[in-house]
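One structure is given below, encoded as structure tokens.
There are 2 protein chains.
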Amino acid sequence: MNDFRLKLRIKAASLATFAASMKDEGGNIFSVFDEILDRKDKEAFLKQHSKVIWLTGLSGSGKTTIAKILERELHSRGYLTQLLDGDNIRSGINKNLGFSEEERIENIRRIAEISKLFLNCGIITINCFVSPTRSIRKMAEDIVGTDDFIEVFVDTPIEICEERDPKGLYKKARAGKISDFTGISAPFEAPEKAYILKTENKKAEESARELMDHILPLIVKEES
Amino acid sequence: MNDFRLKLRIKAASLATFAASMKDEGGNIFSVFDEILDRKDKEAFLKQHSKVIWLTGLSGSGKTTIAKILERELHSRGYLTQLLDGDNIRSGINKNLGFSEEERIENIRRIAEISKLFLNCGIITINCFVSPTRSIRKMAEDIVGTDDFIEVFVDTPIEICEERDPKGLYKKARAGKISDFTGISAPFEAPEKAYILKTENKKAEESARELMDHILPLIVKEES
Chain Y
6 MNDFRLKLRI KAASLATFAA SMKDEGGNIF SVFDEILDRK DKEAFLKQHS
56 KVIWLTGLSG SGKTTIAKIL ERELHSRGYL TQLLDGDNIR SGINKNLGFS
106 EEERIENIRR IAEISKLFLN CGIITINCFV SPTRSIRKMA EDIVGTDDFI
156 EVFVDTPIEI CEERDPKGLY KKARAGKISD FTGISAPFEA PEKAYILKTE
206 NKKAEESARE LMDHILPLIV KEES
Chain S
6 MNDFRLKLRI KAASLATFAA SMKDEGGNIF SVFDEILDRK DKEAFLKQHS
56 KVIWLTGLSG SGKTTIAKIL ERELHSRGYL TQLLDGDNIR SGINKNLGFS
106 EEERIENIRR IAEISKLFLN CGIITINCFV SPTRSIRKMA EDIVGTDDFI
156 EVFVDTPIEI CEERDPKGLY KKARAGKISD FTGISAPFEA PEKAYILKTE
206 NKKAEESARE LMDHILPLIV KEES
């Protein structure tokens, strides 16, 4: 598989060289490719199928930790990915959104639309958001498109999440300082048709490996 | 230059193969790379420097036409790009925004934040938005970061833009059906320090070629 991808990259580079030299010789620059670039062109360029991997699960369930390991691993195998999570979304494009129900919906809507832009650029997006309800995930799926939306439930018992409490949010929720906190004062609706990634008694590396095994067949692009 | 990029791609593929085989032999998967992936990793993977090319200019000035040719050409030379314009922004993430002053600012703010995500993913973003005022472009520049923000003024006389009127907007603006229309009933503030792309008496292909000559030195990544 690694040799295979190496071969693909060499082929892509050779084709680019060939196309460019054709144009240089003819002196007629900008005339070889007439069509507008689309997703297929980007996927062919990157030698991968783009998908949106949507990790749902409680706060502290390990979504971002697993996603970061997964991203690193996919990168080392020659795949281009984009990780989206609270860190780069809530501090940037969605910094003007709070946590009302309306704003939580708008938060996920924008994330799904951004994912779609990356999808159309041929990139594998790995999203880490609690996205606790079926309706909010359905909205994301409708925006992205069902065929490209890979829902993954990071299934970690709430006791473990609360014990980890990496951001101190469970403590605040228990003290009543955060309202509508998923798992404490607001429901988490387990997905009905997602890939279920059970993390209990596993290292994050093991969970990421399991997830990679699930994803690789969906993103690998065979030579055509 | 084409041979050079070919060599880079082979090298990248070889390294990926080498890293993966190391891991397979050791049986100790997920242990070679410890750091979180960042922009430098993505740029190294893509063998390019990412930038945000921000095309400003009147409606009908040729921004998107030039950008599409530019994107196709960069693609054929081995660069990964993302084109953002009204078509993929106003119909998607910004479909809930109108054209009040506040909403126009929010429109550009979100676009700049999205560009920054692509920038951090190593991708060259080509943006086509009227963005008529210095203050709105300054906001975009502040979000993206001055070093990565390449402002380009697509300088086409308004008479030509109005004659083209591809979306019939000038006609509507003259009839008073659109208020605050840039160039007719709202000002366009020419940039002070942008690259000026004069398009008069040039084919779009020639303008795109001129722009590419300006951009290539900024995105080419030498072997380190």
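Sequences listed follow chains Y and S, in order.
Numbering of the first sequence is given in this note's numbering, commencing with residue 6 and proceeding in unit increments.
Numbering of the second sequence is given in this note's numbering, commencing with residue 6 and proceeding in unit increments.
For glycine and all other residues, C-beta sits at the position ideal for the given N, C-alpha and C.
Model, not experiment: these values are computed from the prediction.
Burial state of residue i (16 or more Cβ within 10 Å)
i: proline 162 of chain S; result: exposed
i: proline 196 of chain Y; result: buried
i: asparagine 206 of chain Y; result: exposed
i: glycine 65 of chain S; result: buried
i: serine 5 of chain Y; result: No statement about residue 5 of chain Y is possible, as the shown extent of chain Y runs from 6 to 229 and does not include it.
i: glycine 181 of chain Y; result: exposed
i: isoleucine 98 of chain Y; result: buried
i: glutamate 227 of chain S; result: exposed
i: glycine 150 of chain S; result: exposed
i: glycine 2 of chain S; result: What is shown of chain S runs 6 to 229, which leaves residue 2 of chain S out entirely.
i: asparagine 101 of chain S; result: exposed
i: serine 212 of chain S; result: buried
i: phenylalanine 1 of chain Y; result: What the structure shows of chain Y is the stretch from 6 to 229, and residue 1 of chain Y is not part of that stretch, so it cannot be assessed.
i: lysine 129 of chain Y; result: It should be noted that the sequence gives isoleucine, not lysine, for residue 129 of chain Y. Looking at its Cβ environment, which holds 16 or more other Cβ atoms inside 10 Å, isoleucine 129 of chain Y is buried.
i: aspartate 43 of chain Y; result: exposed
i: isoleucine 41 of chain S; result: exposed
i: glutamate 107 of chain Y; result: exposed
i: lysine 68 of chain S; result: buried
i: isoleucine 201 of chain S; result: exposed
i: glycine 31 of chain S; result: Low per-residue confidence applies at glycine 31 of chain S: pLDDT is 38, beneath 50, and the placement is therefore not dependable, though the value from the model is reported in the following sentence. Looking at its Cβ environment, which holds fewer than 16 other Cβ atoms inside 10 Å, glycine 31 of chain S is exposed.
i: glutamate 48 of chain Y; result: buried
i: glutamate 76 of chain S; result: buried
i: methionine 217 of chain S; result: buried
i: aspartate 92 of chain Y; result: exposed
i: lysine 176 of chain S; result: exposed
i: lysine 52 of chain S; result: buried
i: lysine 203 of chain S; result: exposed
i: lysine 73 of chain Y; result: buried
i: isoleucine 71 of chain Y; result: buried
Any chain Y beta carbon closer than 8 Å to residue i
i: isoleucine 41 of chain S; result: yes
i: glycine 181 of chain S; result: no
i: asparagine 93 of chain S; result: yes
i: phenylalanine 38 of chain S; result: Here the model assigns phenylalanine 38 of chain S a pLDDT of 43, short of 50, so the residue's position is not dependable, and the following value carries that caveat. Answer yes: the Cβ-Cβ gap between phenylalanine 38 of chain S and chain Y drops below 8 Å somewhere.
i: leucine 221 of chain S; result: no
i: arginine 139 of chain S; result: no
i: isoleucine 128 of chain S; result: yes
i: leucine 202 of chain S; result: no
i: glutamate 146 of chain S; result: no
beta-carbon residue i near the ligand MN non-hydrogen atom, thresh 7 Å
i: glutamate 156 of chain Y; result: With respect to small molecules bound, the structure shown includes none, and the ligand MN cannot be examined in it.
8 Å Cβ cutoff, residue i in contact with chain S
i: glycine 103 of chain Y; result: no
i: cysteine 133 of chain Y; result: no
i: glycine 97 of chain Y; result: yes
i: leucine 122 of chain Y; result: yes
i: glycine 31 of chain Y; result: With a pLDDT of only 38 at glycine 31 of chain Y, under 50, the local geometry of the prediction cannot be trusted, and no value is derived from it.
i: arginine 77 of chain Y; result: yes
i: leucine 216 of chain Y; result: no
i: phenylalanine 35 of chain Y; result: Any reading at phenylalanine 35 of chain Y is ruled out, since the residue's pLDDT is 44, under 50, leaving its predicted position unreliable.
Does the region 183-192 of chain Y come within contact of the region 75-90 of chain Y, defined as at least 3 CB pairs closer than 8 Å?
Contact between the region 183-192 of chain Y and the region 75-90 of chain Y is absent, because fewer than three Cβ pairs lie under 8 Å.
Which of the residues in the region 45-75 of chain S, read from start to end, lie with their CB under 9 Å from any CB of chain Y?
Asp46, Lys47, Phe50, Leu51, Lys73 and Ile74
Taking any Cβ of chain Y, which residues in the region 106-119 of chain S have a Cβ under 7 Å from it, in chain order?
Listed by position, the residues of the region 106-119 of chain S near chain Y (Cβ gap below 7 Å) are Arg115, Glu118 and Ile119.
Is the region 68-83 of chain Y touching the region 119-127 of chain Y, taking contact as three or more C-beta pairs under 8 Å?
no
Against chain Y, which members of the region 158-175 of chain S pass a CB distance test of less than 8 Å?
none
What runs of the beta strand (DSSP E), each 3 residues or longer, lie entirely inside the region 114-164 of chain Y?
129-133 and 154-160
Three CB pairs or more closer than 8 Å across the region 153-161 of chain Y and the region 46-57 of chain Y:
These segments touch.
Do the region 137-145 of chain Y and the region 107-118 of chain Y meet, that is, are 3 or more Cβ pairs less than 8 Å apart?
yes
Which whole runs of the beta strand (DSSP E) in the region 175-228 of chain Y are 3 residues long or more, in chain order?
Runs of the beta strand (DSSP E) inside the region 175-228 of chain Y: 200-203.
May I have a chain-ordered list of the alpha helix (DSSP H) segments no shorter than 4 residues that lie completely inside the region 46-126 of chain Y?
Correct list: 68-81, 91-94 and 106-125.
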